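For reference, the structure discussed in these notes is given below.
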Amino acid sequence: MDERMVWPELQQRLSQVAAQLGVPLETAGEVDAEPIYRLRFGQGARVLLAAGIHGEEPGGVAGCLAFLESEAAHWSRSVQFDVWPCLNPFGYIRGLRHNGRDVDPNRQFRNPEDPLSSLMWAQLKDQRFDFGLDLHEDSDFTGFYIYETTEQGPWFRRRVRDAMARVGPVCEWADDPTVRRGLVPRGRSAAPLRERFQQRRLWPLAFLLFELSGHAMTIETPVLQPLAVRSRLQVTAVNTALELVLRQKTGFS
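Set out below in structure tokens:
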């Protein structure tokens, strides 16, 4: 059963939460004749939060909205947020991975002709964040997993994984030695990842977040679990990551 919130309801709730936070629900631009929404609020450590790059994986959007509704006001006293809550509304509305040009938007962030990529680079390229977080999903697994890249450390992935594991199941890929209890890649620094991505024509959203922050994380919750579980996993991941960002900023570990 499709548990996605319908698009008009999502728009209404985003408008409501923006009003609660006392900020406008911005339209950063339009892609495929649909608005790309953005919310900016708070003060302190700078965090870039994005969700909904794949329309058939709605848990990231649900988790982002749940975080905005229940947690964001508290965090806004110590964190300055830049939130893009649904990057592929065309796909979200239709339950599709691809966008209106029938391409995967999560492979276009090195393509200057892609509307979403060019929009985000144009508006974010001169900014610097302390952390970037992509609320993502995977359609093939029953447990969650985490990607993390960091320029200098520290790594957050184990603490985020452990907090999420108290909410829902962890992914194990027995046939992939780079994965251990939901962590992908395991112990890999940013330098070889940057070199690998520079050689590739197709860039995912995760690399844009990394380029803007030097420390990015992608949360992959399992579409095969109920949406309520995935949303709670996403909120737990965001809360835990924010705690660690602030600890790093204050020098407390």
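Count the sequence shown with my numbering and you get residues -19 to 233, in order.
Cβ coordinates follow ideal geometry from the N, Cα and C atoms, glycine included.
All of these numbers come straight from a predicted model, not from anything done at the bench.
Open item on the list: Does Gly2 pass the burial test, meaning 16 or more other C-beta atoms within 10 Å, or should it be called exposed?
Closed with: exposed
Task: Proximity of Gly43 and Leu115 at Cβ, strictly below 8 Å - done: yes
Open item on the list: Looking only at its chain, what residues have a beta carbon closer than 7 Å to the beta carbon of Met100, apart from the 5 residues adjacent to it on each side?
Closed with: Cβ within range, chain order: Leu188.
Task: Contact belief for Glu14 with Pro69 at Cβ below 8 Å, rounded distance in angstroms - done: 4 Å
- [ ] Give me the Cα-Cα distance between Ala208 and Val11, rounded to the nearest whole angstrom.
- [x] 28 Å
TODO: Please state if the CB of Val(-3) and the CB of Glu51 are separated by a distance shorter than 8 Å.
DONE: no
Open item on the list: According to DSSP, is Phe21 part of a helix, a strand, or is it coil?
Closed with: strand
TODO: Flag this pair as touching only if the segment 16 to 33 and the segment 56 to 67 have three or more C-beta atom pairs under 8 Å; answer yes or no.
DONE: yes
Task: Cut-off 8 Å between Cβ atoms - residues of its own chain near Arg146, not counting five sequence neighbours on either side - done: Thr216
Open item on the list: For a test of the three-state rule: what should DSSP assign to Gly167, helix, strand or coil?
Closed with: Model confidence at Gly167 stands at a pLDDT of 47, short of 50, so the residue's coordinates are unreliable; what they give is reported in the following sentence. The three-state secondary structure of Gly167, taken from DSSP, is coil.
Task: Sequence-distant residues of its chain with Cβ nearer than 8 Å to Leu96 (five each side left out) - done: Val11, Ile16, Leu67, Asn68, Asn79, Pro85 and Gln88
Task: Leu182 versus Asp94 - alpha carbon distance - done: 11 Å
- [ ] Use the C-beta contact count for His54: other C-beta atoms within 10 angstroms, 16 or more gives buried, fewer gives exposed.
- [x] exposed
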